[in-house]
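Count along the sequence shown from 1, then add 132; that gives the number in the numbering used here.
Note that the Cβ used here is the ideal one computed from N, Cα and C, for glycine as well.
Step one of this worksheet: look at the structure below.
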Amino acid sequence: MARDKQILRDKISNIVDSLLDENRDYFEDIREYMLFKSFLKDEKAILEQIYGMASDLKMAEADGLTAADFFGTDAKGMADQLLENAPKVRFKELASIYLSAVLILFGIGLLMLFSTTGHFRLELYLFLGACLNALVVCWIFFVLLPKVLFKDNPSKWLIGLIFIGGIILFNVTFNFPTMVANKGIYLRFPEFFDWLFVVVVGLATLLMAIKEKIFRVFSFLIFAFLINGVLKKLVAIGVVSGQIWSVGLPITSLVFGLLLFYVNSYRLSKEADKR
């Protein structure tokens, strides 16, 4: 199933890349609109519809028609009609998306917890927060935002409030273990697991950064948090001491991580614009 979807994506991309600039931009808007609003629909069915539309547009282009001529003035209305009639996503796929979001958010929380404590440990409230955040993220990105962003005059205030609310929720959830301190429900591990966590996460991040260009952007932040956790641990066990190790270097690593994150994000967005 995943391979079939990737084949369809590749075919669509090949057709879109061969379109005239004007038609390509027009069709890209339709494609993004359909994909962004189709969270509760069967992805393969949506991709098949988009592939059919791209193929038809390519043939129409050969006859001298533009995308606006072919799709009409209400392309989004046509897309809405197609989405309305598309089959719904299976519960198994929906559950897979949700669980993936939970694991990613819980992993981020564990990394931040390690960064502040120098210990690898599981925390119940952090996991429950990841479950809640995953629900909120899925609802915001796949239900609420598509309704807001694609209006003729989207409310900038509402969009801003959505993002601010999301940021507040993330910060409260990920900092909750620190807020409750010893009242948190932790599953602790021997010290060996702290170093194992650093090695496994570090190697996995390095391999993913080499393999996936987009992941390279986030790798700098991951390494910054790992470095902070290691420094925290070294200070705790007495290997190093002083303000430079407990305050100076952690702040420096985080600043450099954020700086490299923003620089590479900007560079990646520029490369995407050129394409």
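For R163, is the classification buried or exposed, using 16 other Cβ atoms within 10 angstroms of its Cβ as the cut-off for buried? With 16 or more other CB atoms across the displayed protein chains lying within 10 angstroms of its CB, R163 is buried.
Close-in-space but distant-in-sequence residues of the same chain around K190 (CB under 8 Å, 5 per side omitted): Apart from the 5 residues on each side of it in sequence, K190 sits with its Cβ closer than 8 Å to the Cβ of I147, S150, L151 in its chain, given in chain order.
In chain order, what residues of the same chain have a beta carbon less than 7 Å from the beta carbon of F202, not counting five sequence neighbours either side? When the five nearest sequence neighbours on each side are left out, the beta carbons in the same chain lying within less than 7 Å of the beta carbon of F202 are those of L189, A192, in order along the chain.
If we count Cβ pairs, one from each stretch, closer than 8 Å, do we get three or more for the region 356 to 375 versus the region 245 to 263? A contact exists between the region 356 to 375 and the region 245 to 263.
Is the distance from the Cβ of F140 to the Cβ of E180 below 8 Å? Reading the sequence as shown, one finds Leu at residue 140 and not Phe. Result yes, Cβ atoms of L140 and E180 sit closer than 8 Å.
Give the DSSP bridge partners of Y257, in chain order. Its beta-bridge partners do not exist; DSSP assigns none.
Do Y257 and A199 have their CB atoms nearer than 8 Å? Result no, Cβ atoms of Y257 and A199 do not sit closer than 8 Å.
Beta-ladder partner(s) of K208, from DSSP: K208 pairs with nothing; no bridge assigned.
In whole angstroms, give me the CA-to-CA distance for Y183 and I144. A direct Cα-Cα distance of roughly 5 Å separates Y183 from I144.
If you run the structure through DSSP and keep just helix, strand and coil, what is L319? Three-state DSSP puts L319 in a strand.
Can you tell me where the alpha helix (DSSP H) holding I359 begins and where it ends? Here the alpha helix (DSSP H) through I359 covers 345 to 368.
Can you look up K169 in the DSSP assignment and give me helix, strand or coil? For K169, the three-state secondary structure derived from DSSP is coil.
I376 burial status per 10 Å Cβ neighbour count (16 or more: buried): Its Cβ having fewer than 16 others within 10 Å, I376 is exposed.
Spatially closest choice to S401 from A368, K345, G374, by CA coordinates: Of the candidates A368, K345, G374, K345 places its Cα closest to the Cα of S401.
Taking 8 Å as the threshold, find out whether the region 328 to 341 comes into contact with the region 214 to 231 through three or more Cβ pairs. Contact between the region 328 to 341 and the region 214 to 231 is absent, because fewer than three Cβ pairs lie under 8 Å.
Of all the options A194, G370, M185, F352, which has the alpha carbon lying nearest to the alpha carbon of L390? For L390, the nearest C-alpha among the options comes from F352.
First through last residue of the alpha helix (DSSP H) which encompasses I236: From DSSP, the alpha helix (DSSP H) with I236 extends over 223 to 249.
Between F347 and V332, what straight-line distance do the alpha-carbon atoms span, to the nearest angstrom? One C-alpha to the other measures close to 16 Å.
First and last residue of the alpha helix (DSSP H) that includes I178? Note, I178: alpha helix (DSSP H), 175 to 194.
Start and end of the alpha helix (DSSP H) containing F203? For F203, the enclosing alpha helix (DSSP H) covers residues 199 to 203.
Are V395 and S378 close, meaning C-beta to C-beta below 8 Å? Not a contact, by the Cβ cut-off of 8 Å.
Given a threshold of 16 other Cβ atoms within 10 Å of its Cβ, counted over all protein chains shown, does E323 qualify as buried or as exposed? E323 is exposed by the Cβ-count criterion.
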